[in-house]
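*Asks:*
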Amino acid sequence: MPDRNRIHEAMDVVGRRFPPTPLIRSEQLSRQTGAEVFLKLENLQRTGSFKVRGAVYKLWRIRNEVGPRGVVAASAGNHAQGVALAASDLGIPATVIMPEGSSISKQVATRDYGARVLLHGKTVAEALDRARELEQEGYTFLHPFDDDDVIAGQATVGLELTEQLERFDEVWVPVGGGGLAAGVALALAKRRPTARVVGIQTRACPSALEALRQGHPVEVETERTLADGIRVPRIGERPFRVLRQVMEEVLLVEESRIAMAVVALLERKKLLAEGAGAVPVAALLEAPADRVRNRRIVLVVSGGNLDLNVLDRILEQGLMRTGRILRFRVILDDAPGALHGLLSIVSKEEGNILHIFHDRLSVDLPLGRTRVEVEVETRGFDHIGRLTAALLQGGYRIEASPVSAL
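Dropping the structure here:
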């Protein structure tokens, strides 16, 4: 495992290239939870993620050992961009294997940072297999998390924290492969030995939790998740050696909470976080009050590389789940004035109509009837209750439009 000297060396290498990312206090989250909450904003790091720290330090350490073909990595996003930038800065050729169907914006960003991008396979695991094949052809392979130098690079997040905040009780860290959490834990071991490192994962991929339960890394079944950056079915061996000694707690979050956390950060702090970066906020909002009250907690917002098309869906879902949008359906007579009567009630109750959709062709509708779906901007669940009551009083039978799964 990286020792204290190597972590401080990593701090020197990373610090020469990038300024510390901001640490801010969240008044809103502090009021909501009764804790004193701080956000460590790795989403504002260059390349939009903490991953560049480990890549920069790893490449600096091996810069004189890399052959003429350069380095190769496999990634669907953040590690790809970190490796591309770090290699470009050192004048080292970089090849990144990305799964077919990877985000076009992430492919473009990786190329813009100077890497050659090759598409292979349907999953990161298949892309990783191809990267390992290229390693046999003379490329130097860079692992995204199961590497001592990478862990030392990620540890610089923890060292920065100790310089930015004199005292804190806990640091909540997203856990995928475990490199960030292990690095933060190692950095705090000497400087803040009483601070707890709490891991955050999704219920869709609880690999760290299962590893701690069973005493060794295991591969878990995974499901689709907004937090794709931490959808790693097996935690790394090296990170696990650290985490099994220091991590006493792993919290799991639901998908709906992740969407709400992304919306909360964007609306309250004007901060864009990807799903994996928002999971500590989601976990805090889901935690029992007596678990966090009067604690000084740092949440590591690990990244902000979120595709705009995904963001659009998250915003809509988040607004619906927090009572900011109401979507409902009613069946009306297909006659002049019928729609006006419905919308006049919505207007009287100060609902802002966003969309209206007519369906006259469904086979379950009698001739002369139409199903109308209305999307209304609202001010919260109390407002929704008043609006719904007014519609019912007006004689309308409301069919709720379900919130679809992301």
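Each residue of the sequence shown is one higher than the one before, starting from 92 at the first, in my numbering. For glycine and all other residues, C-beta sits at the position ideal for the given N, C-alpha and C.
#1: Could you give the DSSP three-state label for R477: helix, strand or coil?
#2: According to DSSP, simplified to helix, strand and coil, what is A164?
#3: Start and end of the beta strand (DSSP E) containing N443?
#4: Can you tell me which residues form a DSSP beta bridge with V341?
#5: Is it buried or exposed, S166, if we count other Cβ atoms within 10 angstroms and call 16 or more buried?
#6: From A276 to L434, what does the alpha carbon distance come to, in whole angstroms?
#7: Pull the bridge partners of R283 from the DSSP assignment, please.
#8: Can you tell me where the beta strand (DSSP E) with V370 in it begins and where it stops?
#9: Which same chain residues, not among the five before or five after R328, have their C-beta less than 7 Å away from its C-beta?
#10: Please list the terminal residues of the continuous beta strand (DSSP E) segment that includes E466.
#11: Report the CB separation of P330 from A373 in whole angstroms; it is logged as a contact under 8 Å.
#12: Report back the beta-carbon spacing between V104 and V147 to the nearest angstrom; my notes put them in contact at under 8 Å.
#13: Looking at L256: is its Cβ nearer than 8 Å to the Cβ of L150?
#14: Give a yes or no on contact between the stretch 416-424 and the stretch 461-479, applying the rule of three or more CB pairs nearer than 8 Å.
#15: Helix, strand or coil for V421 per DSSP?
#16: In the DSSP assignment, find the beta strand (DSSP E) that holds K131 and state where it starts and stops.
#17: Please report the residue range of the alpha helix (DSSP H) in which E261 lies.
#18: For N400, count neighbouring C-beta atoms within 10 Å of its own C-beta (all shown protein chains included) and say buried if the count is 16 or more, exposed if not.
#19: Measure the CB-CB distance between K281 and R95 and report whether it falls below 8 Å.
#20: Does the distance from the C-beta atom of S140 to that of G366 stay below 8 Å?
#21: Considering only residues of the stretch 381-436, which uninterrupted beta strand (DSSP E) runs meet the minimum length of 3 residues and lie entirely inside it, listed in chain order?
#22: Which of helix, strand or coil does DSSP assign to A318?
#23: In angstroms, rounded to a whole number, what distance separates the CA positions of F448 and V467?
#24: Once you ignore the five residues that flank A175 on each side, which residues in its own chain have a CB closer than 6 Å to its CB?
#25: Looking at C-alpha atoms only, which residue of Q198, V208, S194 and D240 is the closest neighbour of H99?
#26: Grouping DSSP H, G and I as helix and E and B as strand, with all else coil, what is M189?
#27: Between the Cα of K131 and those of V215, R116 and E217, spot the shortest distance and give me the residue it belongs to.
#28: Whole angstroms are fine: how far does the CA of G476 sit from the CA of A286?
#29: Select from Q119, G182, L482 and R470 the residue whose C-alpha is nearest the C-alpha of L375.
#30: Given this structure, state the Cα-to-Cα distance separating V128 from N385, to the nearest angstrom.
#31: In whole angstroms, what separates the C-alpha of V354 from that of L406?
#32: Under 8 Å Cβ to Cβ from P190, same chain only, skipping five residues before and after it: list those, please.
#33: Considering only residues of the same chain and omitting the five flanking positions on each side of M102, which have a CB-CB separation below 7 Å?
#34: Once the 5 residues before and after L482 are set aside, which same chain residues still bring their CB inside 7 Å of it?
#35: Just to confirm the assignment: which complete alpha helix (DSSP H) runs, minimum length 4, are found wholly within the stretch 210-244?
#36: When DSSP labels each residue in this structure, what does L114 get in the three-state scheme?
*Replies:* A quick look at the data gives this:
#1: helix
#2: strand
#3: N443 to D450
#4: G290
#5: buried
#6: 56 Å
#7: According to DSSP, which records beta bridges pairwise, R283 is partnered with nothing at all.
#8: It is not in any beta strand (DSSP E) - V370 instead sits in the alpha helix (DSSP H) that spans G366 to E377.
#9: Just to set this straight, residue 328 is Glu in the shown sequence, not Arg. Excluding sequence neighbours, E328 sits near D237 and P308.
#10: R460 to E468
#11: About 22 Å separates the two Cβ atoms, so there is no contact after all.
#12: 6 Å
#13: no
#14: yes
#15: strand
#16: E127 to L132
#17: Run containing E261: none in the alpha helix (DSSP H); it sits in the beta strand (DSSP E), E261 to P265.
#18: exposed
#19: yes
#20: no
#21: 387-392 and 416-424
#22: coil
#23: 12 Å
#24: A185, T201, Y204, G205 and A206
#25: D240
#26: strand
#27: R116
#28: 44 Å
#29: Q119
#30: 10 Å
#31: 6 Å
#32: A167, L210, H211, G212, K213, T214, V215, E217 and A218
#33: T247 and L250
#34: I436 and I489
#35: 215-226
#36: strand
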